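Engineer: Just so you know, we're using the numbering used here here: the sequence shown kicks off at 4 and counts up by one.
Even glycine gets a Cβ: it sits at the ideal position worked out from N, Cα and C.
Here the structure is a predicted model, which is why all the values come from computation and not from measurement.
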Amino acid sequence: MRSSWMHLDLDAFFASVEIKLDPSLKGKPVLVGRVDPHGRSVPRGVVATCSYEARKFGCRSGMPIFQALKLCPQAIVVGGHFEEYIKASEQVFSICARYAPKVEQIGIDEAFLDFSGTEWIYPDLMEIARKIKEEIKKEVGITASIGIAATKVVAKVASDFQKPDGLTFVPVGKEKEFLAPLPPTDLPGINEKTKQKICTLLIDSNVVEPGKEITIGDLASLSKEFVEGHFGKVGVGLWQAANGIDNLWFTPRVGIKSVSRSETFARNSSNLKFILAMLQYLTEKVGEELRREGYSGRCAHVAIRYNNFRTVSRQRVLPYPTSCTKEIYGIAENLLKELWDGRTPLRLVGIGISKFEVEGQASQANLFDNFSEKRLELEKRIDFLRDRFGKDAIVPATLLGLRK
Ligand code: DCP
Ligand code: CA
Numbered sequence: 004m005r006s007s008w009m010h011l012d013l014d015a016f017f018a019s020v021e022i023k024l025d026p027s028l029k030g031k032p033v034l035v036g037r038v039d040p041h042g043r044s045v046p047r048g049v050v051a052t053c054s055y056e057a058r059k060f061g062c063r064s065g066m067p068i069f070q071a072l073k074l075c076p077q078a079i080v081v082g083g084h085f086e087e088y089i090k091a092s093e094q095v096f097s098i099c100a101r102y103a104p105k106v107e108q109i110g111i112d113e114a115f116l117d118f119s120g121t122e123w124i125y126p127d128l129m130e131i132a133r134k135i136k137e138e139i140k141k142e143v144g145i146t147a148s149i150g151i152a153a154t155k156v157v158a159k160v161a162s163d164f165q166k167p168d169g170l171t172f173v174p175v176g177k178e179k180e181f182l183a184p185l186p187p188t189d190l191p192g193i194n195e196k197t198k199q200k201i202c203t204l205l206i207d208s209n210v211v212e213p214g215k216e217i218t219i220g221d222l223a224s225l226s227k228e229f230v231e232g233h234f235g236k237v238g239v240g241l242w243q244a245a246n247g248i249d250n251l252w253f254t255p256r257v258g259i260k261s262v263s264r265s266e267t268f269a270r271n272s273s274n275l276k277f278i279l280a281m282l283q284y285l286t287e288k289v290g291e292e293l294r295r296e297g298y299s300g301r302c303a304h305v306a307i308r309y310n311n312f313r314t315v316s317r318q319r320v321l322p323y324p325t326s327c328t329k330e331i332y333g334i335a336e337n338l339l340k341e342l343w344d345g346r347t348p349l350r351l352v353g354i355g356i357s358k359f360e361v362e363g364q365a366s367q368a369n370l371f372d373n374f375s376e377k378r379l380e381l382e383k384r385i386d387f388l389r390d391r392f393g394k395d396a397i398v399p400a401t402l403l404g405l406r407k
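1) In chain order, what residues of the same chain lie with their CB nearer than 8 Å to the CB of residue 331, ignoring the 5 residues before and after it?
2) For residue 14, is the beta carbon positioned less than 7 Å from some heavy atom of ligand 1?
3) Hey, how far is the Cα of residue 76 from the Cα of residue 22?
4) Since residue 172 and residue 151 should fall inside the 8 Å C-beta cutoff, what is the C-beta to C-beta distance between them, to a whole number of angstroms?
5) Out of 280, 219, 160 and 82, point me to the one whose CA is closest to residue 339's CA.
6) Smallest Cα separation from residue 215: which of 178, 226 and 199?
7) Using DSSP bridges, identify the partner residues of residue 9.
8) At what residues does the alpha helix (DSSP H) containing residue 20 begin and finish?
9) Cβ of residue 189 within 7 Å of any heavy atom in ligand 2?
10) Compute the Euclidean distance between the alpha carbons of residue 48 and residue 119, then round it to the nearest angstrom.
11) Does the structure place the segment 340-354 close enough to the segment 264-271 that three or more beta carbon pairs sit under 8 Å?
12) Judging by CA-CA distance, which residue of 86, 321, 299 and 59 is the nearest neighbour of residue 24?
13) Given that a residue counts as buried once 16 or more other Cβ atoms are within 10 Å of its Cβ, and exposed if not, what is residue 250?
14) Which of the three DSSP states, helix, strand or coil, is assigned to residue 84?
15) Starting from the C-beta of residue 20, find all residues in its chain whose C-beta is less than 7 Å away, skip the five residues before and the five after it, and write them out in chain order.
16) Would a C-beta distance cut-off of 8 Å place residue 185 and residue 136 closer than the cut-off?
17) Tell me the DSSP secondary structure of residue 360 in three-state form.
18) So what does DSSP say about residue 134, is it helix, strand or coil?
19) Who are the Cβ neighbours of residue 321 in its own chain at under 6 Å, not counting the five residues just before and after it?
20) Quick one: grab the DSSP three-state call for residue 166.
21) What is the C-beta distance between residue 128 and residue 6, in whole angstroms, given that I count them as a contact (C-beta under 8 Å)?
22) Consult DSSP for residue 92 and reduce its assignment to one of helix, strand or coil.
23) Alpha carbons only, please: which of 383, 141, 79 and 204 is nearest the one belonging to residue 232?
24) Run the proximity test for residue 113: is its beta-carbon closer than 7 Å to any non-hydrogen atom belonging to ligand 1?
25) What is the rounded straight-line gap between the Cα of residue 143 and the Cα of residue 95?
26) Would you list the residues sitting across from residue 67 in a DSSP beta bridge?
Here you go:
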């Protein structure tokens, strides 16, 4: 066993790209205004992110721009180069893929790199992390922070530990020691509100004195059963994270990560009916594969590519995992409508499902209501009939038009 998870997170991502595009911004407080999924600035916007210089003044992501400007009047507001952010992101992850056998991208600027089983090619992962950081700097012109640890949750905290341009290695066995002094909000899944609840519990159970700043170590010192009794399953997740153990948010290594299908159209199209029919056709295929493999996924994502090749995607986390075509399509349709302006011609549409739970392991409490369960049974029967009598045995009416 060794520390073979790497977590990479780009620093002040959109701001760094803006500074690379306009080097005169370097060293200055920069606010990036949020853009909509089409890359247009949102009027009376919100701060998407800001440079570390602006953070010194208290500016933060999610803050209204006017408020950030009150804190830092000399800040420069820029933004809207969404295509450049996507390009930079793609460049970064292709650099990661030069070294890491598996790259699990989490968001636009964040990924877990799985180096398990690579001791013989990469005896020193710090050296690899330095190379990756160096290549990102040279080829993309921005900085990344990296954390290396035996578990994902610790690697993630470690990548944050010395931001920006940080590199932190946590040796096997030192996870708890590393986490213990940090504030609970450094753990993924703990915001200020959750921290307050934990704080109250720690004071009530005489673990800490009122007025003391609580730490991850305080949470870790409680017994699992005690935390479960107070906060349920989510509490166990937090307790595991505090102990450096991967939890419900960080599933261990799995072979298959997502099932997705996309299709490039014979001709660019802005015909909603056609695009939805194509989306349904692709969703059928995704659903079929999920049911065949016995997987249900918790996250649906839809991608579209414009005639100018710009590709955008949007995802939604579901309250419970599903493999039901009808349910997935319902979400996919909404995502498409949120994503697309309904006019600009598209050349591709795609749908994917990820965040799997193996059938039977899905949490009972969330299990399908009666209707969904019946629907799923019906779809399984259709899968069976299609297997026996061919793909065209049962075709939804909306798909008949696609034949043309
Ligand atoms: N983002 C956004 N709105 C938010 C948070 C983030 O639009 N409320 C966008 C802009 C960020 C990018 O996502 O640049 C990545 O988000 P991070 O939370 O990783 O923040 P940064 O990369 O900007 O900063 P850090 O250096 O803290 O990672
Ligand atoms: Ca980041």
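Structural biologist: According to the structure shown:
1) 286, 289, 290, 303, 325, 354 and 356
2) yes
3) 19 Å
4) 5 Å
5) 280
6) 199
7) 116 and 151
8) 16-24
9) no
10) 43 Å
11) yes
12) 86
13) buried
14) coil
15) 84, 87, 88, 91 and 145
16) no
17) strand
18) helix
19) 301
20) coil
21) 7 Å
22) helix
23) 204
24) yes
25) 7 Å
26) 49
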